[in-house]
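Engineer: Pasting a structure below so you can have a look.
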Amino acid sequence: MAELNHYLILSAVLFTIGTAGVVLRRNVITVLLSIEVMLNAVNLTFIAFGRFLGSSDGQIIVFFVITVAAAEAAVGLALVIALFRHVETLNPDAFRQLRG
Amino acid sequence: MLLWIPLLPFVGFLVNTFGARRLPKKAVGAVASGAMFAAFLASVMAVRALVSLPAEAREVTQTIFTWIGSADFQVPLGLRLDPLSALMILVVTGIGFLIHLYSTAYMIDEEPHEYARYFAYLNLFAAFMLLLVLGENFLVLFVGWEGVGLCSYLLIGFWYKNRFAADAGKKAFIVNRIGDVAFILGVLLAFTQFGSVNFKELNGVIAGFRPEETFGVVSAIALLLFIGATGKSAQIPLYVWLPDAMEGPTPVSALIHAATMVTAGVYLIGRNAVIFTHAPEVMTIVAVIGTATALWAGAVGMVQNDIKRVLAYSTVSQLGYMFMAMGVGAYAAGIFHLLTHAFFKALLFLGSGAVIHALAGEQDLRHMGGLKKELPITYWTFLVGALAIAGVPGLAGFFSKDEILYRTFAAGHPMLWTVGAITSLMTAFYMFRLVFLAFHGERREPVAHATHDTHAAHAPHASHLHDAPRAMAMPLIVLAIGSVLAGYLNVPAALGGTAFLEHFLEPSLHVPVVEGMHGAAEHASHGLEMTLMIVSSLIAVAGIGIAAFLYLKRPAIPEAMAARFPGAYRFLVNKGYIDELYDAVVVQPIKSLSEHVLWKADATVIDGAVNGMGQIVAESGAVLRQMQTGSLRMYAVSVLFGAVMIVGYYLWS
C-alpha cells in the first residue's frame, strides 16, 4: 500500500527532473515540456494531500492548474513560433536581445 | 428680475469677446452701449418697484442658486436690492452707459478687434460692479470685488505695448491685492466669530452688542475690512496705484477710477455701517486716514502738470472726503458725496478726454492754453464740473461736501473740519488752475516737440482743433446737468430742503442706537450749519480767486514761488517720493529676498534634491543592469533560487 510519503517523494523527483529540464535543455519546446512536468509534480502533491486529508480541495485546485497550464501551453507555443520566425532557432541562449 | 441687471452687461461682454473679429466697430459699440442701457432700464424698473414698497419694507431679494452648501454652512448666490444698492446700481448703469457711449467715439481710432476687446472689458467691469453692489453676502460681494480689480488691471494695461501702461496695470493689481488679503481675513474672522457671511444676519447679530470700548473682535473685523477698502478706494497708504492708473484710456479713468470701482470701499463701509459703528476706535482711524488722504492728495494735485494726474489726485482727495464722512458716522453724507462725485468727476475726466482727443494725445497742461474758443462744449461742461467740485453754492459738490464738513464739525471733530476746509480750498485752487491753464490765456508751444522734432515746432499746431463729436458731447452735457442737479436730491433742512436722499438711504444705513453710543450729530443746530456753509462757500470762491490771480493775472508768481521754495515744490511735484519710498522699503527688499532665495535656496536645496534623486537612480541603474544578462537560463535559476530561499526560510523558522 503506497503511503503519502511515496507520493511526495515521487512528486519531488518529478519536480527536480522538470527543473533540471528547464535549466539545462537547449530546446525551447523541451523547456516548455519540462515546465509541464513541474506543474504535474505539484498536481500530484495536491491530489496526494487531498486524499490524505479526506478533502476535495486538492482536486479542485488541480482543475484550475490544468486549465491554466493549457492556456500557458497555448501562449508559450505561440511565442515559440513567433521567436522561431524571428531568429530561426529554438535555442534559448539565442534569445538575448533584452540583455541590460 | 435682479439677475438681469448684472447679466445684461455680461452678455454684452460675451458677444464682444467671441465676435471680436467678426463684428464691425459700429455693432461692437452698439452691443456694449445697448447692454448698458438695457441694464440701466432694468435698474430703473427694479428701483421703481422698490420705491413703491413702504419705507421700512424696501428690500427685494433673489436667490439664484445655492453656491456653497456644506452641512449648516449655506451660501446662496443671492442678490439683494435695498436703498443703498439701488442708488449704486443707478450710478453704475447710468453713468456707465454715458461713458460707454462716449467711448464709442473716443476709441474709434483703435483696430477693430482692439475696439471690441475694449468694450468687452468695459462690459465685464460693469457686470462685476453690479454684482458687487447687489450681492447679499460677503462672498458674492467678493466675486464682484475681485472681478472689478481684474477689469481695472485689464483696462489700465489696455495699451499693453506701452511699458508704462503695462506696469501701471500690474501695480494696481498688486496694491489692490494687499488690501484684499485684509478683506478676506476680515470676512473669515466675521465668519468664525458669528457664523455667517450674510450682511443682514451679521448686522443683526452685531446690532445687539454694545459698542466696543476697547479694541475687540468687532473692531478687528472693521479694521480689516477698512484696510481692504483702502486698497480699492485708494486711501493712504495704498493710494499709489490710482494716479498711475491714468495710463489707461481716459473713459476708463472716468468710469472705473473715478465714478464707480474706487467707491467700492465707501460702499463696503456703508454696507457694514453697523459693524463700523460698533468699533469707535476704528471709526476714528477711518476718519483720520480719510482726512489725511484728502489733504495730502489735494496738496500733490496742486502742482501736477499732467491734466489726468491732477484729476487722479483730485479723485483720491475726494475719496478721502467720503471716508472722512464714513469715519464720523455720517454714512448718508459719504454716500451722497459718492453720488455727486460720480457725476462731476466722470464729467471732468470725460472733458479732459475730449481735450486730449482734440490735441492728439497731449496731456501736459503746460502745452495747452486758450482752448476755450476752439472747444466750447468741452469748456462749458468742464467749467460746470469744476464749479461743482470746488463747492460753489448751488451745484452738486456744494451740498455734498458741506454736508460732510458740517457733520464732521457737529460730531465733535473741529480739527478734522479744519483740515477738510483747507482741502476744500486746495480743491477749488487746483481745479481752477487746471481750467485756466488748459482753456484760458494763449496757446503755448509744445515744448516736448521742440526738443525732439524740429518740424513739429514750426508747424502751426492749433489750426485743426475739433470739439467733441456728438457721441462725446452728449454724455458731457448730460453729466453737466447731473453735476448741477444731483445736489438737490439731498438739500439739508437748514436750507429748507427735505434731505430726501438721507431718508431714502435710512433703512440701509440706519444703525439702531444702543445705549452708550454717542450720537452727537443730532445736537447741532441749523444756525451752525448755515455758518459753516457760508464759510466753505467763501473758501471755494477764495480758492478760485487765488487760482485766477496766479494763473490769469500774474502767471509769473507761481514760477517765482516754485523757485522760492524749491524743496517743497520738488517734494510735491515728485508726489512726496512715496513711490520711491515704497520701492525702497517694500519692493527692493522683496526682490533681493527672492533673488537670494532663487540662487541660494532654490538652486542648491530644491534643485539639489531633484537632481540628486535622478543621479541616484541613474547610478544604481548602471550597477543593476549587469544582472539583466538576457539569458533565459539565468533567469530561471534565479527564480528557482529565490523560491528555494523563501521555502527554506519558512522551513527553518
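Chains G and Z are the protein sequences, given in the same order.
Residue numbering for the first sequence follows our numbering, beginning at 258 and increasing consecutively.
Residue numbering for the second sequence follows our numbering, beginning at -19 and increasing consecutively.
Glycine included, every Cβ here is placed at the ideal spot set by N, Cα and C.
Under 7 Å: does the beta carbon of Z:THR398 sit that close to some heavy atom of the ligand ATP?
Structural biologist: With respect to the ligand ATP, the structure shown offers nothing to examine, as it has no ligands at all.
Engineer: Using the C-alpha atoms, what's the distance from Z:LEU330 back to Z:LEU212?
Structural biologist: As a first step, residue 212 of chain Z is located in the second sequence; it is residue number 232 there, counting from the start. As a first step, residue 330 of chain Z is located in the second sequence; it is residue number 350 there, counting from the start. Contrary to the premise, residue 212 of chain Z reads as Lys rather than Leu in this sequence. The straight-line gap from Cα to Cα measures roughly 22 Å.
Engineer: Assuming Z:GLY149 is part of the alpha helix (DSSP H), what are its boundary residues?
Structural biologist: On the second sequence, position 169 is the one that residue 149 of chain Z refers to. 143 to 174 is the span of the alpha helix (DSSP H), which, as asked, contains Z:GLY149.
Engineer: In terms of DSSP beta bridges, what is Z:ARG60 paired with?
Structural biologist: The sequence position of residue 60 of chain Z within the second sequence is 80, counting from 1. BP columns for Z:ARG60 point to Z:THR41.
Engineer: Closest by CA to Z:GLU126, which one among Z:ALA598, Z:ALA370, Z:ASN156?
Structural biologist: By one-based count along the second sequence, residue 126 of chain Z stands at place 146. Measuring from the Cα of Z:GLU126, the nearest candidate turns out to be Z:ASN156.
Engineer: Do the region 187 to 206 of chain Z and the region 231 to 242 of chain Z touch if we need at least three Cβ pairs shorter than 8 Å?
Structural biologist: No: the two stretches stay apart, fewer than three of their Cβ pairs being nearer than 8 Å.
Engineer: Compare the beta carbon distance of Z:PRO63 and Z:LEU485 with 8 Å and say whether it is the shorter of the two.
Structural biologist: Position 83 of the second sequence, counting from 1, holds the residue named residue 63 of chain Z. Position 505 of the second sequence, counting from 1, holds the residue named residue 485 of chain Z. Contact: yes.
Engineer: So what does Z:LEU50 bridge to, in DSSP terms?
Structural biologist: The count along the second sequence starts at 1 and reaches residue 50 of chain Z at position 70. Here the sequence assigns Ser to residue 50 of chain Z, which means Leu is not the residue at that position. Z:PHE53.
Engineer: Identify the residues that DSSP records as bridge partners of Z:ASN178: which are they?
Structural biologist: What you label residue 178 of chain Z is simply residue 198 of the second sequence in a count that begins at 1. Paired residues: Z:ASN117.
Engineer: Output yes if chain G places a C-beta closer than 8 Å to the C-beta of Z:SER611; else output no.
Structural biologist: Counted from its first residue, the second sequence places residue 611 of chain Z at position 631. Yes - at least one Cβ of chain G is within 8 Å of the one on Z:SER611.
Engineer: Could you work out which residue in Z:ILE315, Z:ILE265, Z:SER332, Z:TYR301 is closest to Z:LEU291 when comparing CA atoms only?
Structural biologist: In the second sequence, residue 291 of chain Z corresponds to position 311, counting from 1. Checking every option, the nearest Cα to that of Z:LEU291 belongs to Z:SER332.
Engineer: Return the Cβ separation of Z:GLY9 and Z:PHE99 in integer angstroms, given the expectation that the two are a contact with Cβ distance under 8 Å.
Structural biologist: Taking the first residue of the second sequence as 1, we reach residue 9 of chain Z at position 29. Taking the first residue of the second sequence as 1, we reach residue 99 of chain Z at position 119. Sure, about 7 Å apart at Cβ, within 8 Å.
Engineer: If the criterion is Cβ atoms closer than 8 Å, does the pair Z:GLU36 and Z:PRO487 meet it?
Structural biologist: By one-based count along the second sequence, residue 36 of chain Z stands at place 56. By one-based count along the second sequence, residue 487 of chain Z stands at place 507. Taking 8 Å as the Cβ cut-off, Z:GLU36 and Z:PRO487 qualify as a contacting pair.
Engineer: Beta-carbon separation of Z:ALA536 and Z:PHE416 under 8 Å?
Structural biologist: Numbered from its first residue, the second sequence carries residue 536 of chain Z at position 556. Numbered from its first residue, the second sequence carries residue 416 of chain Z at position 436. In this structure, Z:PHE416 does not lie closer than 8 Å to Z:ALA536 by Cβ.
Engineer: Compute the distance between the beta-carbons of Z:GLY371 and Z:SER176, then report whether it is under 8 Å.
Structural biologist: Position 391 of the second sequence holds residue 371 of chain Z. Position 196 of the second sequence holds residue 176 of chain Z. Cβ distance not < 8 Å, so Z:GLY371 and Z:SER176 don't count as in contact.
Engineer: Figure out for me which residue from Z:GLU116, Z:TRP397, Z:MET411 has the closest Cα to the Cα of Z:LEU345.
Structural biologist: Here residue 345 of chain Z corresponds to residue number 365 of the second sequence, with the count starting at 1. Considering only alpha carbons, the answer is Z:MET411.
Engineer: To the nearest angstrom, report how far apart Z:HIS107 and Z:CYS131 are at their CA atoms.
Structural biologist: Locating residue 107 of chain Z in the second sequence gives position 127, counting from the first residue. Locating residue 131 of chain Z in the second sequence gives position 151, counting from the first residue. Reading the sequence as shown, one finds Ala at residue 107 of chain Z and not His. Going by the C-alpha atoms only, they are around 10 Å apart.
Engineer: Helix, strand or coil for Z:ASP89, going by three-state DSSP, please let me know.
Structural biologist: Numbered from its first residue, the second sequence carries residue 89 of chain Z at position 109. Z:ASP89: coil per DSSP, three-state reduction.
Engineer: Could you compute how far the alpha carbon of G:PHE303 sits from the alpha carbon of G:GLN316?
Structural biologist: Here residue 303 of chain G refers to the residue found at position 46 of the first sequence. Here residue 316 of chain G refers to the residue found at position 59 of the first sequence. The straight-line gap from Cα to Cα measures roughly 7 Å.
Engineer: For chain G, check one thing: does any of its Cβ atoms lie closer than 8 Å to the Cβ of Z:LEU631?
Structural biologist: For the purposes of this step, residue 631 of chain Z is taken as residue 651 along the second sequence, with counting starting at 1. No, no contact with chain G.
Engineer: Could you give the distance in angstroms between the alpha-carbon of Z:SER380 and the alpha-carbon of Z:PHE(-2)?
Structural biologist: Residue 380 of chain Z sits at position 400 when you count from the first residue of the second sequence. Residue -2 of chain Z sits at position 18 when you count from the first residue of the second sequence. C-alpha separation (whole angstroms): 43 Å.
Engineer: Which residues in the same chain have their Cβ closer than 6 Å to the Cβ of Z:PHE(-7), if we skip the five residues on either side of it in sequence?
Structural biologist: Along the second sequence, read from residue 1 onward, the residue named residue -7 of chain Z stands at position 13. For Z:PHE(-7), where only same-chain residues beyond five positions count, the Cβ hits under 6 Å are ALA100, ASN103, LEU104.
Engineer: How is the alpha helix (DSSP H) around Z:LYS533 delimited, first residue to last?
Structural biologist: The count along the second sequence starts at 1 and reaches residue 533 of chain Z at position 553. Note, Z:LYS533: premise wrong, no alpha helix (DSSP H); not H, not E.
Engineer: Can you tell me the Cβ-Cβ gap for Z:VAL464 and Z:LEU561, rounded? I've got them flagged as a contact below 8 Å.
Structural biologist: Along the second sequence, one-based indexing puts residue 464 of chain Z at 484. Along the second sequence, one-based indexing puts residue 561 of chain Z at 581. Contact flag wrong, Cβ pair sits at about 41 Å.
Engineer: Along the region 334 to 357 of chain G, what residues have a CB closer than 8 Å to any CB found in chain Z?
Structural biologist: Answer set for the region 334 to 357 of chain G: PRO349, ASP350, PHE352, ARG353, GLN354, LEU355, ARG356, GLY357.
Engineer: Express the C-alpha separation of Z:ASP286 and Z:GLY377 in angstroms, rounding to a whole number.
Structural biologist: Here residue 377 of chain Z refers to the residue found at position 397 when the second sequence is read from its first residue. Here residue 286 of chain Z refers to the residue found at position 306 when the second sequence is read from its first residue. Roughly 23 Å separates the two Cα atoms.
Engineer: Grab me the residues of Z:MET(-19)'s own chain with a C-beta within less than 7 Å of its C-beta, minus the 5 sequence neighbours each way, in chain order.
Structural biologist: For this step, residue -19 of chain Z is matched to residue 1 along the second sequence. Correct list, in chain order: ALA26, GLN42.
Engineer: With a threshold of 8 Å between beta-carbons, can G:VAL325 be considered close to chain Z, or not?
Structural biologist: Within the first sequence, residue 325 of chain G is the residue found at index 68, counting from 1. Answer no: the Cβ-Cβ gap between G:VAL325 and chain Z never drops below 8 Å.
Engineer: So, is Z:VAL627 buried or exposed, given that buried needs 16 or more other C-beta atoms within 10 angstroms?
Structural biologist: As a first step, residue 627 of chain Z must be located in the second sequence, where it is residue number 647. Classification for Z:VAL627: exposed.
Engineer: For chain Z, check one thing: does any of its Cβ atoms lie closer than 8 Å to the Cβ of G:THR276?
Structural biologist: The residue labelled residue 276 of chain G in the question sits at position 19 within the first sequence. Yes, contact with chain Z.
Engineer: Once the 5 residues before and after Z:ALA202 are set aside, which same chain residues still bring their CB inside 7 Å of it?
Structural biologist: Residue mapping note: residue 202 of chain Z aligns to position 222 of the second sequence, counting from 1. Excluding positions up to five away in sequence, the list reads ILE255, PHE256, ALA259, VAL262.
Engineer: Can you check which of these residues, Z:ALA15, Z:TYR140, Z:GLY208, Z:ILE402, is closest to Z:ILE(-15) by C-alpha distance?
Structural biologist: The residue given as residue -15 of chain Z occupies position 5 in the second sequence. Minimum Cα distance to Z:ILE(-15) is reached at Z:ALA15.
Engineer: State the beta-bridge partners of Z:ASP344 as determined by DSSP.
Structural biologist: Sequence index remark: in the second sequence, residue 344 of chain Z carries index 364 (1-based). Looking at the DSSP assignment, Z:ASP344 forms a beta bridge with Z:ASP286.
Engineer: Which first and last residues belong to the alpha helix (DSSP H) in which Z:ALA244 is found?
Structural biologist: Position 264 of the second sequence, counted from the first residue, corresponds to residue 244 of chain Z. It spans 244 to 251 - the alpha helix (DSSP H) in which Z:ALA244 sits, taken as one unbroken run.
Engineer: Quick check: the Cα distance between Z:ALA390 and Z:ARG190, rounded to an integer number of angstroms?
Structural biologist: Locating residue 390 of chain Z in the second sequence gives position 410, where the first residue counts as 1. Locating residue 190 of chain Z in the second sequence gives position 210, where the first residue counts as 1. The alpha-carbon atoms of Z:ALA390 and Z:ARG190 are separated by roughly 23 Å.
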